[in-house]
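Residue numbers (the numbering used here): 47 to 486.
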C-alpha cells in the first residue's frame, strides 16, 4: 500500500511539473514579440521607394452596413492575448446567443419579450419562436463577465450549436440590434467607412496632383478576403513598392503590427510566391510624426471654448481609447504614443493660456480598461472619473477632447459614451443618436 501511495505521489508530482512546464513553455513569448516582428521592421525599415509605387490604405474600418465577417474577426482579435490552455476554449460554440430586441444592453436578468439570434431571426431552426422556448425553460440568462466592465449579459439556448464561436455570436448580435437596427443611431448606418474614405480619397487626390497617377486601394483590414483581393489587384498592376498607409495617429500591435500590417504582408508574400517577384514594403510613418495632425483637434477645442463666457472655470479631459497596459508591457503603442500625446497636451496648455478663464485644469484619461477590474488601484485615470471629478470640483464646464479617432464610429458613439457617462442619471444608453449630417 505504501509503495502504491508513493508511486501515486510521484506520478502526481510529475504531472504537476509537466503541466507547469508546459504552461510556461506554451506562453513563453507574448504576442507582441512573436516573429515575424513587424514593429522591429517598422523601426529599422528602408524608406526609399524602388520602381513603381502602390499605396495600400487599410486598417480597422467599421462597416457602414452590417457585415458579420467584420465583427467575427474583431471578436477573434482578442484570442492572441489568452494564455494556453484556456486559449483552446476561446472560440468554442456554447449554443445560440440571444438578445432581447429592445433591451439588448442589460446587466441584470429580466423577462424578455422577443429574442433575436446573431442571424437576426426570432425563430429557431424548427420554426419555434425563441421566446416560446424561453417560457418553456429552454433558454437561460448569462450574466455579464466581471472581466468585461459594463458588457451586457445575454440569453442562451444550449440545446444546439450556433455554428460560430460564442464570442463572435454575441458581438454580431449586439451589432445587429444596437448599431445597425436604427435603434442606436438614426438610419442604422455607421459613418466610419464614409469618413475614412473621404480622408483617404482627398489625400490621394492631392498626392496624385503632385506626383501623377498612383495605383492605390482602400479597404477595411477586418474583412480578410476583401483585403486580400484588393492587395492582389494592386500588385497585379505591376507595382514594385507597396506603401502600407493606415490613417492612424499612433500605431499599435493590436491594430497594425499584429493586425493590418501583418495581414497585408501575408497577402503580399502569397502573391510573391505565385508570381516569382519580390515586392518592397514600406510602412508609412504614423501620422503623429507630422505635427500638423494635431491642429484639427486643437481647432475643434478652440471652437468650443469660444462659446464659453469669460471667467468660466474649465476642465479639459484629453482622452485616449486605452488598453490593459499592465498586461501588455510590450505593446508598441506605449513606445510610440508619447511623441503624439505629450505634444498634444502641451499644445492644449498653450492654447488655454490665451483664454480668460478663472480656473483651468487639463488632464489625460483613457476611456477603456481604467475600470475596477483592470485598474483596481486607480493607476490610470478613467475618463469617467475625470468627468465626475470635474463636477465634484465645481467646474462650470468639463470638455472632453478624444484624440485617437478621425471619424465617428461605434466606439466614439456607443461604447465610450457608456463607459464615460457611467453613473450619470441623465445618460440613457438606449437613446437613439440623431447624427445624419456626416459632414460635421
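Cβ atoms here follow ideal geometry from the backbone N, Cα and C, with glycine treated the same way.
Model, not experiment: these values are computed from the prediction.
Counted as a single uninterrupted DSSP element, the stretch harbouring residue 114 is not any beta strand (DSSP E) but the alpha helix (DSSP H) occupying residues 114–122.
For residue 84, no beta strand (DSSP E) segment is defined; the enclosing uninterrupted segment is the alpha helix (DSSP H) at 84–90. Residue nearest to residue 97 within the set 261, 207, 158 and 106 is 261 (criterion: CA-CA distance). Assigned with DSSP and collapsed to three states, residue 389 falls in helix.
The continuous beta strand (DSSP E) containing residue 412 extends over residues 405–412. Per DSSP, reduced to three states, the secondary structure at residue 215 is helical. Partner residues in the beta bridge of residue 361, as assigned by DSSP, are 407 and 444. In chain order, 195, 196, 413, 414, 417, 428, 429 and 430 place their CB closer than 8 Å to the CB of residue 465, counting only its own chain and leaving out the 5 sequence neighbours on each side. In the three-state DSSP reduction, residue 77 falls in the helix class (H, G or I). In the DSSP annotation of this structure, the continuous segment of the alpha helix (DSSP H) that includes residue 280 starts and ends at 270–281. Straight-line spacing of the CA atoms in residue 171 and residue 343 works out to 50 Å. The beta carbon of residue 128 sits closer than 8 Å to the beta carbons of 136 from its chain, once the five residues preceding and following it are set aside; these are given in chain order. With respect to the 8 Å criterion, residue 390 and residue 409 are not classified as neighbours on the basis of their beta carbons. A distance below 6 Å between beta-carbons, with the five flanking residues on each side excluded, links residue 326 to the following residues of its chain, in chain order: 96 and 287. Put simply, the region 344–355 does not touch the region 418–427. Fewer than three CB pairs are less than 8 Å apart.
Taking 8 Å as the cut-off, the Cβ atoms of residue 371 and residue 296 do not count as close. For residue 281, the number of other beta carbons within 10 angstroms of its own is at least 16, and it is reported as buried. DSSP, reduced to helix, strand and coil, places residue 159 outside both helices and strands of the structure shown, so it counts as coil. Look at the beta carbons and you see the region 110–124 touching the region 267–278: at least three pairs across the two are nearer than 8 Å. Its chain contains 202, 203 and 204 as the residues whose beta carbon lies nearer than 6 Å to that of residue 141, once the 5 sequence neighbours on both sides are disregarded; these appear in chain order. Your pair residue 209 and residue 139 checks out as a contact, with CB atoms roughly 7 Å apart and the cut at 8 Å.
Pairing residue 217 with residue 121, the inter-Cα distance amounts to about 7 Å. With a 10 Å radius around the Cβ and a threshold of 16 neighbouring Cβ atoms, residue 232 comes out exposed. Sixteen is the threshold: when 16 or more other Cβ atoms of the shown chains lie within 10 Å of the Cβ of residue 78, as they do, the residue is buried. The DSSP-derived three-state label of residue 175 is strand.
Note on geometry: alpha-carbon atoms of residue 299 and residue 476 lie some 33 Å from one another.
In the same chain as residue 455, and ignoring 5 residues on each side of it, the C-beta atoms closer than 6 Å to its own belong to 108 and 238, in chain order.
Between the region 242–254 and the region 438–454 there are three or more inter-stretch CB-CB distances shorter than 8 Å, so the stretches are counted as touching. In the pairwise beta carbon analysis, the region 149–160 is classified as not touching the region 252–261: fewer than three pairs are separated by under 8 Å. By the C-beta density criterion, residue 219 is buried, having at least 16 other C-beta atoms within 10 angstroms. A Cβ-Cβ contact shorter than 8 Å links residue 283 with residue 100.
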